[in-house]
Amino acid sequence: MGEHLTRTDVRHLERCVQLAGKALEAGHDPFGSLLVDAYGTVLTEDHNRVGEGDQTLHPEIALARWAARHLDGPGRAAATVYTSGEHCPMCSAAHAWVGLGRIVFASSSAQLASWREEWGLAPGPVTPLATGQVAPGVAVAGPDSRLAAEVRSLHARNWGVEDADGAATG
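This is the structure in structure tokens:
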């Protein structure tokens, strides 16, 4: 799916997975994201905050808003958003409207939808479209199989289900 992941991409994705774990520990769904400029500097990071009662408090939205306030058009276009999970349609749209550059994700929307189905959970409230279906001009890279397994484990813990390896996750 999309571009090949570099070592730098994987390093940034590892931080996103850490942030997703931090979100889970704080009572939120496990998603974490970074905004990185063209020179590789992390400009800002955030994790999901939907446990506060606002289902739009996704980290990708927070990063898009931050970029709109702090970066000019060329700076936004040159920036990369790294995230533990591929953008949902709402976040993909925000990303495109703000004019951010590429998106790199550890796990895909299709993977998350598949996990939820496997665990007998209801689908989410929004159709899990790939980023390219919502924002076709945005370059994407991901998923990463090793990190996707870690993300899967975080989601299993979040939903109190048993992961595929048989370990209790709740």
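Letter 105 of the sequence shown, counting from 1, is numbered 97 in the numbering used here, and no numbers are missing.
For every residue, glycine included, the Cβ atom is placed at its ideal position computed from N, Cα and C.
Out of 121, 144 and 74, which one is the CA nearest neighbour of residue 2?
When only C-alpha atoms are compared, the closest one is 74.
Distance, Cα to Cα, residue 191 vs residue 144?
A question about residue 191 goes unanswered here, because the residues of the chain that appear run from -7 up to 162.
Alpha carbon to alpha carbon, how far is residue 39 from residue 14?
For the pair residue 39 and residue 14, the Cα-to-Cα distance works out to about 7 Å.
Would you report the Cα separation of residue 47 and residue 140, rounded to the nearest angstrom?
Their backbone Cα atoms lie some 23 Å apart in a straight line.
Assuming residue 147 and residue 104 form a contact by the criterion Cβ under 8 Å, report the distance between their Cβ atoms to the nearest whole angstrom.
With a contact defined as Cβ atoms closer than 8 Å, residue 147 and residue 104 qualify at about 7 Å.
Is the distance from the Cβ of residue 95 to the Cβ of residue 132 below 7 Å?
Taking the C-beta atoms as reference points, residue 132 is found nearer than 7 Å to residue 95.
At 4 residues or longer, and completely inside the region 90 to 140: list those alpha helix (DSSP H) runs for me, N to C.
List check, alpha helix (DSSP H) in window: 101 to 110 and 123 to 126.
Quick one: complete beta strand (DSSP E) runs, 3+ long, within the region -5 to 28?
The region -5 to 28 contains these whole beta strand (DSSP E) runs: 24 to 28.
Express the C-alpha separation of residue 67 and residue 0 in angstroms, rounding to a whole number.
So the alpha carbons of these two residues sit roughly 19 Å apart.
Residue 110: which of 70, 151, 44 and 136 sits nearest, CA to CA?
Considering only alpha carbons, the answer is 151.
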